[in-house]
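A.B. asks: Just so you know, the protein sequences line up as chains A and B, in that order. Numbering of the first sequence is given in this note's numbering, commencing with residue 1 and proceeding in unit increments. Numbering of the second sequence is given in this note's numbering, commencing with residue 129 and proceeding in unit increments. Questions regarding the structure given below will be posed in turn.
Protein chains: 2
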Amino acid sequence: MSDDILSTIKFDAAGLVPAIAQQHDSGEVLMMAWMNRDAVAETLRTRRVTYWSRARAKLWRKGETSGQEQNLVEMRVDCDGDTLLLLVDQKGVACHTGRRNCFFTAVRDGRPVEIAKPLVDPKTLYEK
Amino acid sequence: MSDDILSTIKFDAAGLVPAIAQQHDSGEVLMMAWMNRDAVAETLRTRRVTYWSRARAKLWRKGETSGQEQNLVEMRVDCDGDTLLLLVDQKGVACHTGRRNCFFTAVRDGRPVEIAKPLVDPKTLYEK
């Protein structure tokens, strides 16, 4: 069933496509990460968002360590087929720093300014 | 002034960073495109969003041909410094197809489904 959309998506030379995660009801942009074919197929099959970790070179089911899962509400593809928008329901926080989203640095007068504080201690996300 | 943020941003091996454009008030994700250092600097200096066109290998001031400009409200950088979120005020439509945003294809039952129609005839955007 998912073959059709997989043939629509244009993966880059590394076999990846950027995926923007947006909280489905508030419109908050949570993060951007990368998917390969397997990550797209797994996400559509399970409705649990799975990315490709470029740093670890493996599939990364969001929240598998931290518990901060993303449940897929809808996947969208852009006009060129080379970017995905994931409407999700984020459990807890999306950012590994403990903030709700990863875009907590604003540029003001050409300089970075922190505009959001962690909601949870990041240590509690990754320590068992 | 903008040196500081330019040293914060991590451009990839091709000298580019992905930039997500979001309508500042509605939260609508409009498009994703790429910026190099010059595009970031130009966007911050002029407050008119300028991307790097990978297809044309040149700076591309959004709306320069179509008139569908993006005015920058705020630039944000993610936790890793390798993705930008642009809060913008989009004049007219963001997508070259004449739709408000580029993510008009939803994935339903593994298949692509068009969920938005053009608001303007794309021919009128690029013909003078």
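Backbone N, C-alpha and C define an ideal beta-carbon position, used for all residues, glycine too. All figures in this text were calculated on a predicted structure; none of them were measured in a lab.
#1: Run the CB neighbour count on Y51 (chain A), radius 10 Å, all protein chains shown included, and call it buried at 16 or more, exposed below.
#2: Looking at C-alpha atoms only, which residue of A:V93, A:G15 and A:M35 is the closest neighbour of L59 (chain A)?
#3: Please list, in chain order, the chain A residues whose beta carbon lies closer than 9 angstroms to that of F231 (chain B).
#4: Per DSSP, what kind of secondary structure is R175 (chain B) in: helix, strand or coil?
#5: Determine the closest residue to G220 (chain B) out of B:M160, B:Q151 and B:I133, with distance taken between C-alpha atoms.
#6: Should the segment 103 to 122 of chain A be regarded as contacting the segment 39 to 55 of chain A, the criterion being three or more beta carbon pairs within less than 8 angstroms?
#7: Are the CB atoms of A41 (chain A) and A19 (chain A) nearer to each other than 7 angstroms?
#8: What residues in the segment 5 to 30 of chain A have a beta carbon less than 8 angstroms from any beta carbon of chain B?
#9: Which residue from A:H96, A:A21, A:E69 and A:V49 puts its Cα closest to that of F231 (chain B)?
#10: Chain B partners of L44 (chain A), CB-CB under 8 angstroms?
#11: What are the boundary residues of the alpha helix (DSSP H) that includes L253 (chain B)?
#12: Assign R108 (chain A) to buried or exposed, taking buried as 16 or more other Cβ atoms, counted over all protein chains shown, within 10 Å of its Cβ.
#13: Do L253 (chain B) and S194 (chain B) have their C-beta atoms closer together than 7 angstroms?
#14: Using only the alpha-carbon positions, how far apart do A57 (chain A) and D12 (chain A) sit?
#15: Could you tell me the alpha carbon to alpha carbon distance between M75 (chain A) and G110 (chain A), rounded to whole angstroms?
#16: For K138 (chain B) and D208 (chain B), which I take to be in contact (beta-carbon distance under 8 angstroms), what is that distance rounded to the nearest angstrom?
#17: Quick one: give me the first and last residue of the beta strand (DSSP E) that D217 (chain B) is part of.
#18: Using a cut-off of 7 angstroms between C-beta atoms, extract the partners of T97 (chain A) located in chain B.
#19: Can the beta-carbon of R47 (chain A) be found less than 7 angstroms from the beta-carbon of L72 (chain A)?
#20: Taking the continuous beta strand (DSSP E) assigned at N36 (chain A), which residues delimit it?
C.D. replies: This is what the structure gives:
#1: Per the 10 Å Cβ criterion, buried.
#2: Among A:V93, A:G15 and A:M35, the Cα nearest to that of L59 (chain A) is on A:M35.
#3: The answer, in chain order, is I20, R76, V77, D78, C79, T83, L84 and L85.
#4: Coil, per DSSP.
#5: If you compare the alpha carbons of B:M160, B:Q151 and B:I133 with that of G220 (chain B), the shortest gap goes to B:Q151.
#6: No: the two stretches stay apart, fewer than three of their Cβ pairs being nearer than 8 angstroms.
#7: No, Cβ-Cβ distance for A41 (chain A) and A19 (chain A) is not below 7 angstroms.
#8: Of all residues in the segment 5 to 30 of chain A, I5, T8, P18, I20, Q22, S26, G27, E28 and V29 have a Cβ within less than 8 angstroms of some Cβ in chain B.
#9: Nearest of A:H96, A:A21, A:E69 and A:V49 to F231 (chain B), Cα basis: A:A21.
#10: Chain B residues near L44 (chain A): V235 and G238.
#11: Secondary structure note for L253 (chain B): its alpha helix (DSSP H) is the uninterrupted segment P250 to Y254.
#12: Counting every other CB atom within 10 Å of its CB across the protein chains shown gives R108 (chain A) a total below 16, marking it as exposed.
#13: A contact, by the Cβ cut-off of 7 angstroms.
#14: Rounded to the nearest angstrom, the two C-alpha atoms are 16 angstroms apart.
#15: Taking the straight line from one Cα to the other gives about 34 angstroms.
#16: Yes, K138 (chain B) and D208 (chain B) are in contact; Cβ-Cβ is about 7 angstroms, under 8 angstroms.
#17: For D217 (chain B), the enclosing beta strand (DSSP E) begins and ends at L212 to Q218.
#18: In chain order: C207.
#19: In terms of Cβ geometry, R47 (chain A) and L72 (chain A) form a close pair [threshold 7 angstroms].
#20: Taken as a continuous stretch (DSSP letters only), N36 (chain A) belongs to no beta strand (DSSP E), as it is neither H nor E.
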